[in-house]
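Peer 1:
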Amino acid sequence: MVCGDAKDGVAKMRTVSERLEGASEREKTMPLPRGRGQGEGDGSRVRRPSRRLMACCLSLLAVAGGLCASGMGVAQNRVVVCIDPGHPSEVGPGTRGLTITELHAAWVTALLLKERLETAGLTVVLTKGREKQKVFNRKRAETANRAAASLMVRLHCDASSGSGYAIYFPDRMGTHQGHRGPSKQIQVASRAAAKAFHDAFALKIGRRLRDNGLLPDIRTAIGSRYGALIGSIYSEVPVILIEMCTLTNAHDDAFMASKEGQAAMADALAAGTLAALAGGKPPPAPKPVKRPAKPEPEQGE
Ligand SMILES: [Zn+2]
Numbered sequence: 004m005v006c007g008d009a010k011d012g013v014a015k016m017r018t019v020s021e022r023l024e025g026a027s028e029r030e031k032t033m034p035l036p037r038g039r040g041q042g043e044g045d046g047s048r049v050r051r052p053s054r055r056l057m058a059c060c061l062s063l064l065a066v067a068g069g070l071c072a073s074g075m076g077v078a079q080n081r082v083v084v085c086i087d088p089g090h091p092s093e094v095g096p097g098t099r100g101l102t103i104t105e106l107h108a109a110w111v112t113a114l115l116l117k118e119r120l121e122t123a124g125l126t127v128v129l130t131k132g133r134e135k136q137k138v139f140n141r142k143r144a145e146t147a148n149r150a151a152a153s154l155m156v157r158l159h160c161d162a163s164s165g166s167g168y169a170i171y172f173p174d175r176m177g178t179h180q181g182h183r184g185p186s187k188q189i190q191v192a193s194r195a196a197a198k199a200f201h202d203a204f205a206l207k208i209g210r211r212l213r214d215n216g217l218l219p220d221i222r223t224a225i226g227s228r229y230g231a232l233i234g235s236i237y238s239e240v241p242v243i244l245i246e247m248c249t250l251t252n253a254h255d256d257a258f259m260a261s262k263e264g265q266a267a268m269a270d271a272l273a274a275g276t277l278a279a280l281a282g283g284k285p286p287p288a289p290k291p292v293k294r295p296a297k298p299e300p301e302q303g304e
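What follows is the structure, encoded as structure tokens:
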């Protein structure tokens, strides 16, 4: 079912971790963030997830599965994540670097992320069906709402004199064409998701890209105009936007244009998404294996 939660005001307000815990037949989704400069952008491609990523996914799924089993005893636990590859939209076609456009970078990365999340057992919806499909940001949010996503992850690239990535979330209501949003509950849930996402993403991407931190939508050009990003204003699910890198920076452009960089970006995005879905809780530490100080005599038969 895709629309149940979107029409259920109570369920919509649930935090990501709560939804992971209680989900039975509900779907869960998350969209992507956007950046300092423009605000709302996109890119795509697919690759086999690394073993480390798989191990991380399995650990987090074990957490989710354990919570589900202990809470509801429900076997099925569909979690929906909405990935929003930015641009083209009413904001424009997106920025471009020396070798890759924001549009392509976001699309390629979205497809790689989709593959990773599906491998981890999540259900993924995209806000558009092809790279150059123009979709208004309101429609993008409505896709996540209809899917009752646990999280909407919005993928963009920035343009500035700086470099690196930044994660954005709505910290207040904005107004766009007379519509006000998101609700306080969604603001709170988005902030928590953004924090968990940022920490896991930063850990995974390491020093490959500069970390510009966690920032409110209002710090973007579009957010400063409307109070929040347009996609956030219409969102009824937790929403974050990531400016994955700064394409006007030569290093970032080369990173984002390379297959290795795209795979590393997708790995980090997946780690961030899974952390946000788990409520920022780290996977359980493995139980220490008790080993006797001295080898025990064999029991034999
Ligand atoms: Zn953008």
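As numbered in the working numbering, residues 4 to 304 make up the sequence shown, in order. All C-beta atoms, glycine included, are put in the ideal place defined by N, C-alpha and C.
1. Does the beta-carbon of residue 265 have 16 or more other beta-carbons within 10 angstroms, so that it is buried, or is it exposed?
2. Drop a sphere of 10 angstroms on the beta-carbon of residue 166, count the other beta-carbons inside from all chains shown, and report buried for 16 or more, exposed for fewer.
3. With C-beta atoms as the reference, is residue 250 less than 8 Å away from residue 105?
4. Would you tell me roughly how many angstroms separate the C-alpha atoms of residue 74 and residue 282, rounded to the nearest one?
5. Is the beta carbon of residue 236 closer than 8 Å to that of residue 200?
6. Closest to residue 164 by C-alpha separation, out of 268, 248, 272, 267, would be which residue?
7. Kindly give me the distance between the Cβ atoms of residue 143 and residue 174, rounded to whole angstroms, as I take these residues to be in contact under 8 Å.
8. Is residue 134 near ligand 1, with its Cβ less than 7 Å from a heavy atom?
9. Would you check whether ligand 1 has a heavy atom nearer than 7 Å to the C-beta of residue 145?
10. Note down the Cα distance separating residue 234 from residue 206, rounded to an integer number of angstroms.
11. Does the Cβ of residue 92 have 16 or more other Cβ atoms within 10 Å, making it buried, or fewer, making it exposed?
12. Please work out which residues of its chain come closer than 7 Å, Cβ to Cβ, to residue 146, disregarding the five sequence neighbours upstream and downstream, and give them in chain order.
13. In the structure shown, what three-state DSSP assignment does residue 89 receive?
14. Which residue wins for smallest C-alpha separation from residue 202, given the options 191, 216, 231?
15. Leaving out five residues on either side along the sequence, give the residues of the same chain with a beta carbon under 8 Å from the beta carbon of residue 121.
Peer 2: This is what the structure gives:
1. buried
2. buried
3. yes
4. With a pLDDT of 30 at residue 74, under the threshold of 50, the modelled position of this residue cannot be trusted; read the value that follows with caution. Between residue 74 and residue 282, the C-alpha separation is close to 16 Å.
5. no
6. 248
7. Contact doesn't hold; Cβ gap of about 20 Å is too wide.
8. no
9. no
10. 27 Å
11. buried
12. 85, 128, 130
13. coil
14. 216
15. 127
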